[in-house]
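Asks:
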Amino acid sequence: MEHDDHRDIDRAIEAIVLVAHEPVPPELIAQLLEQPVHLVEDRCETLAASYREHGHGFELARVAGGYRYQTHPDLTPYVERFLLADQRARLSGAALETLAIVAYKQPISRAQVASIRGVDPDGVLRSLAARGYIGEVGRDSGPGQAVLYGTTPLFLEKLGLDSLDDLPPIAEFIPGADVVEALEQGLRVTPATPPAAPSGDGS
Amino acid sequence: MEHDDHRDIDRAIEAIVLVAHEPVPPELIAQLLEQPVHLVEDRCETLAASYREHGHGFELARVAGGYRYQTHPDLTPYVERFLLADQRARLSGAALETLAIVAYKQPISRAQVASIRGVDPDGVLRSLAARGYIGEVGRDSGPGQAVLYGTTPLFLEKLGLDSLDDLPPIAEFIPGADVVEALEQGLRVTPATPPAAPSGDGS
Amino acid sequence: MPIDVETPVYTGPFDLLLQLILSEEVDIHEVHLSRIVDAYLAEIERLQSLDLDVATEFLLIAATLVELKTRRLLPGRVEVDLDDELALWEERDLLLARLLECKTFKDVASVFHQLADEASRSFPRAVGADERFAALTPDLLEGTSVQRLRNAAIRALTPTPEPKVDLFHVTPIRLTVAEAVAELVDELPRVGRISFRRLTADLVERIEVIVQFLALLELFKQGYVDLDQAERFGDIDVTWIGGIGVDAHELAVDVYEG
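As given, the protein sequences belong to chains A, B and C, one line each in that order. First residue of the first sequence? That's 67 in this note's numbering, and the numbers climb one at a time after it. First residue of the second sequence? That's 67 in this note's numbering, and the numbers climb one at a time after it. First residue of the third sequence? That's 2 in this note's numbering, and the numbers climb one at a time after it.
1) Flag this pair as touching only if the stretch 200 to 213 of chain B and the stretch 229 to 247 of chain B have three or more C-beta atom pairs under 8 Å; answer yes or no.
2) Taking the alpha helix (DSSP H) that A161 (chain A) belongs to, which residues open and close that run?
3) Pull up the DSSP beta-bridge partners for E202 (chain B), would you.
4) According to a CB-to-CB cut-off of less than 7 Å, which residues of the stretch 121 to 145 of chain B neighbour chain A?
5) Can R176 (chain A) and V213 (chain A) be called in contact, C-beta distance under 8 Å?
6) DSSP state of A202 (chain C), grouped into three classes?
7) Between Y144 (chain B) and L99 (chain A), what straight-line distance do the alpha-carbon atoms span, to the nearest angstrom?
8) Y117 (chain B) to A78 (chain A), Cα distance in whole Å?
9) Ordered along the chain, which non-local residues of its own chain (more than five positions away) have a Cβ less than 6 Å from that of Y170 (chain B)?
10) Kindly indicate if chain B contains any beta-carbon less than 8 Å away from that of S123 (chain C).
11) Buried or exposed, going by whether 16 or more other CB atoms sit within 10 Å of the CB of K104 (chain C)?
12) Find the residues of chain C that neighbour P234 (chain A), judging by a C-beta separation of less than 7 Å, and give them in chain order.
13) Can you name the start and end residues of the beta strand (DSSP E) that T137 (chain A) belongs to?
14) Of all the CB atoms in chain A, is at least one closer than 8 Å to the CB of A81 (chain B)?
15) Taking just the CA atoms, how far does V178 (chain C) sit from A243 (chain B)?
16) Closer than 8 Å by C-beta to D74 (chain A): which residues in its own chain qualify, once you throw out the five before and the five after it? Chain order, please.
17) Between V85 (chain B) and chain F, is there a C-beta pair that is closer than 8 Å?
18) Are there three or more Cβ pairs, one per stretch, closer than 8 Å when the stretch 126 to 141 of chain C is compared with the stretch 181 to 200 of chain B?
19) Grouping DSSP H, G and I as helix and E and B as strand, with all else coil, what is E209 (chain C)?
20) For I155 (chain C), return the contacting residues in chain B, with the cut-off set at a CB-CB distance below 8 Å.
21) Closest to F148 (chain B) by C-alpha separation, out of A:I95, A:H72 and A:K224, would be which residue?
22) Any beta-carbon of chain C closer than 8 Å to the one on D76 (chain A)?
23) Does DSSP put F221 (chain A) in a helix, a strand or coil?
24) Out of curiosity, what's the CA-to-CA distance linking H87 (chain A) and G131 (chain A)?
25) Tell me whether Q230 (chain C) is buried or exposed, calling it buried when 16 or more other Cβ atoms sit within 10 Å of its Cβ.
26) Give me whichever residues DSSP pairs with F124 (chain B) in a beta bridge.
27) Between the beta-carbon of P187 (chain B) and the beta-carbon of V179 (chain B), is there less than 8 Å?
28) Kindly indicate the opening and closing residues of the alpha helix (DSSP H) around V190 (chain B).
29) For a contact defined as C-beta to C-beta under 8 Å, what are the partners of L98 (chain A) on chain B?
30) Return the chain-ordered list of same chain residues with a C-beta closer than 8 Å to the C-beta of G244 (chain C), the five sequence neighbours on each side being excluded.
31) Report the three-state DSSP secondary structure of T112 (chain B) (helix, strand or coil).
32) Could you spell out where the beta strand (DSSP E) holding R156 (chain A) opens and where it closes?
33) Report the option in B:H138, B:P91 and B:G226 whose CA atom is closest to the CA atom of Q115 (chain C).
34) Would you kindly check if the distance between the Cβ of R128 (chain A) and the Cβ of V83 (chain A) is under 8 Å?
35) Could you pull out every residue in the same chain whose Cβ sits closer than 6 Å to the Cβ of A216 (chain C), ignoring the five residues on either side in sequence?
36) My assumption, with CB atoms under 8 Å, is that E146 (chain B) sits in contact with G129 (chain C). Please give the rounded CB distance.
Here it is as structure tokens:
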């Protein structure tokens, strides 16, 4: 963080890579920060070197064309002990929601998941697939031939379900957009204009 | 990382917290490292301070009874752009008031919430429960065996609190004399002929 | 430390009464009861449904108020039955206590709002260990109940309301473009990107929308935002490109005639 000019860039890189589920390509960071790619790569290397120098327990590594945080190799015993001891590890809220969408709406494409969750689901879908909870079940017949995802037998096994038919129904619990709007906004009194038609609901 | 004695502990803490899905309780770290809890807490605070001092884009925060890495608040725009999450779900109005009541009065039944809010809280309670901010924590021993609600660890995370003890004391919010007076004035039974002595005891 | 939150929120009869007594600083006896009833009916109309509990509660309060009021207007209070008088005091104390409690939690809620807002600016890392530890990582679905999955599905599939830049804490009508610019400079970097419709969803007066639009044009002119309109008459996408830490005072803003 020596150069003040680069401080903001360094900090933004640190924040972005911290929350990423997958190695983040420098091109993406460059685009987000509106900086040249070579500068981003340069800063990442500088950051990585400074972590080494300070002897941190984590490192910034370049893996599979992107950057990610990972633990320093010599701390492996502690990490292993932690992973074995930590019985609380569960799917994070975001991952579980994505899995739930795939379970109830399968077969479903990445783009459809994205439109429901409102966030980029790539990282989460990949990690769910890596764990064997979901998999490719076909291709969309449309022009893009998008991959369609569905749940696996392992998923059923883990949840103790015999078949997908045993998933509890959810339809009646999902309120309409108007109700949600009212609840979320605390029944805020807005002018008589009707709330802009909720985009792409249902069907 | 000044003291060499603590270097290993600090590095192990960094590695463990990095791979955790949820805030890691200092007790667990202490157990894994075979160190006293207070030392672990002490090292975590020192680490957090050193991150702040170096102006990193991440921070080590104590939330919901444990430590976690999170992005620095002033980098929100970049992280949101990266996650495409431009919609921080906001609770407002009715939901927040109900949440406040549950937080301070837990365990509390639906009927008790209703009597404070003066409206039927069912919809709001359901929505808070669906989001995971509150949950059933027991049943009333009375005849109806009413469900009693309380807040969850997720609630603490969402408010950035370590424990319920960190909630600001409710006494701070009891309306001041001016408000009480205004209300009393508004509700007075007899006309304010004399500059009414602080009324109240109607006996 | 009473914090005044003047949210145009209707959450029940207590709210209404609180608002009437506190924000308008009026003696309830000097307000025509019909006004309270009118306000109440207007709220009900906006809500477009009649909640029986709310209505009952309101009637109870209205009745108490009517009684308090008539008591005051009636001549010859000497003859008033002492028991009745006492009962009335009790009613009134009860009402007062409930109003105070209501006010207390309204104030707490505004603090919760701040806390949640601050906390939501930090994103936690919930990535887990990398593939080197795959064999050791516990099965993340272990112990996940079907119920939990179902709740997640409901959460995910429940339509999210239009996100809004929350401006209810500011003066309702801004007439200067400079003020609107200052607000946008404060809000937009946090939101990053928002559509014009969402941005102005809270605005009541047409003039406010126009002021907001002029403010955006100003920011566009100075290179702080990007505006994009996919189709004629379509919604306008507003993207903050000014980075962080922009000071509104540094912006020279043309003065428009309000």
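Just so you know, even glycine gets a beta-carbon here, dropped at the ideal spot from N, CA and C.
Replies: To lay it out plainly:
1) Not touching, per the Cβ criterion.
2) In the DSSP assignment, A161 (chain A) falls within the alpha helix (DSSP H) that extends over G159 to K171.
3) Looking at the DSSP assignment, E202 (chain B) forms a beta bridge with B:Y215.
4) For the stretch 121 to 145 of chain B, the beta-carbon criterion of a distance under 7 Å to any beta-carbon of chain A is satisfied by G121, H122, G123, F124, Y135, T137, H138, L141, Y144 and V145.
5) Contact: yes.
6) For A202 (chain C), the three-state secondary structure derived from DSSP is coil.
7) Rounded to whole angstroms, Y144 (chain B) and L99 (chain A) show a C-alpha spacing of 8 Å.
8) So the two alpha carbons sit approximately 14 Å from each other.
9) Answer for Y170 (chain B): I236, listed in chain order.
10) Using a Cβ-Cβ cut-off of 8 Å, S123 (chain C) counts as an interface residue toward chain B, since at least one Cβ of chain B sits closer than that to its own.
11) Label assigned to K104 (chain C): buried.
12) Per Cβ cutoff of 7 Å: V147 and R151.
13) Residues G132 to T137.
14) Closer than 8 Å to some Cβ of chain A, the Cβ of A81 (chain B) qualifies, so yes.
15) Taking the straight line from one Cα to the other gives about 39 Å.
16) Nothing meets the Cβ criterion.
17) Of the protein chains in the structure, A, B and C, none is chain F.
18) The stretch 126 to 141 of chain C is not in contact with the stretch 181 to 200 of chain B.
19) If DSSP states are grouped into helix, strand and coil, E209 (chain C) belongs with the helices.
20) By Cβ distance, chain B contributes A196.
21) Considering only A:I95, A:H72 and A:K224, the residue with the shortest C-alpha distance to F148 (chain B) is A:I95.
22) Among the CB atoms of chain C, none fall inside 8 Å of the CB of D76 (chain A).
23) If DSSP states are grouped into helix, strand and coil, F221 (chain A) belongs with the helices.
24) H87 (chain A) and G131 (chain A) have their C-alpha atoms spaced approximately 14 Å apart.
25) The residue is exposed, with fewer than 16 neighbouring Cβ atoms inside 10 Å.
26) F124 (chain B) is bridged to B:T137.
27) Going by C-beta atoms, P187 (chain B) is nearer than 8 Å to V179 (chain B).
28) Annotation: the continuous alpha helix (DSSP H) that includes V190 (chain B) extends over D188 to A196.
29) The answer, in chain order, is Y144, R147 and F148.
30) Excluding positions up to five away in sequence, the list reads P190.
31) Taken through DSSP and simplified to helix, strand or coil, T112 (chain B) comes out as helix.
32) Here R156 (chain A) belongs to no beta strand (DSSP E), and DSSP marks it neither H nor E.
33) Answer by Cα proximity: B:G226.
34) Here V83 (chain A) is not near R128 (chain A), since their CB atoms are 8 Å or more apart.
35) The answer, listed in chain order, is V178, A181, V182 and L185.
36) Between G129 (chain C) and E146 (chain B) the Cβ distance is about 22 Å, and since that is not below 8 Å, they are no contact.
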